[in-house]
Structure formats: structure tokens, C-alpha cells
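Contents: one structure, followed by commentary.
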Amino acid sequence: MEKNNKSVAQVIVRWLVEQEIIVLAKSVNAERVAQNIDVFDFSLTAEDKEQISKLNVGESQFFSHSDPQMIKWMASRKIDI
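Numbering (the numbering used here), first residue to last: 2 to 82.
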């Protein structure tokens, strides 16, 4: 986002923070890790938030969170820690 001199990822993280959504950003790239943390020196305007909200199409790009079969499948997956 040019006006804030921030990356798209930083704007997304900031938007999530402002929505009080816990962000678990991950990267193996040290520069990106630093960018993921560097989101507290700017704020999004009401116009910014409105434009970002228009991007929500109401469905996951990965899977349906309301599909009982998908939830059952996800719950049955074994996670090795």
C-alpha cells in the first residue's frame, strides 16, 4: 500500500488486528518476519477498511467451513507434534 509504504501482507495483518482477529503470520524469511511485526505504526482509514471489506465474498478460498463432511474430515486428521 503505497500511501503507508507498507506491503500488501502488512496491510492484511493490520486489517486483521483492527478487526480483533488473532494473527498467526508465518515466514522463514527474516525480512518478512520483521514486516509481519511492523504493523503498529500506521492505521487504516475508514475508506481503506471499506475497500478491504468489499473483497470478502463470504466463502473460503480453500474449503467450505459449513460443510459437515469437510468438518468431519478435518477433525479426523491426525496431527503429529
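A virtual CB, placed ideally from N, CA and C, is assigned to each residue, including glycine.
Kindly indicate which three-state DSSP category I23 falls into: helix, strand or coil? coil
- request: Kindly indicate the opening and closing residues of the alpha helix (DSSP H) around N37.
  value: 31-38
> Is DSSP giving E60 helix, strand or coil here?
Replying inline: coil
Taking the C-alpha atoms as reference points, what is the distance between D39 and E48? 22 Å
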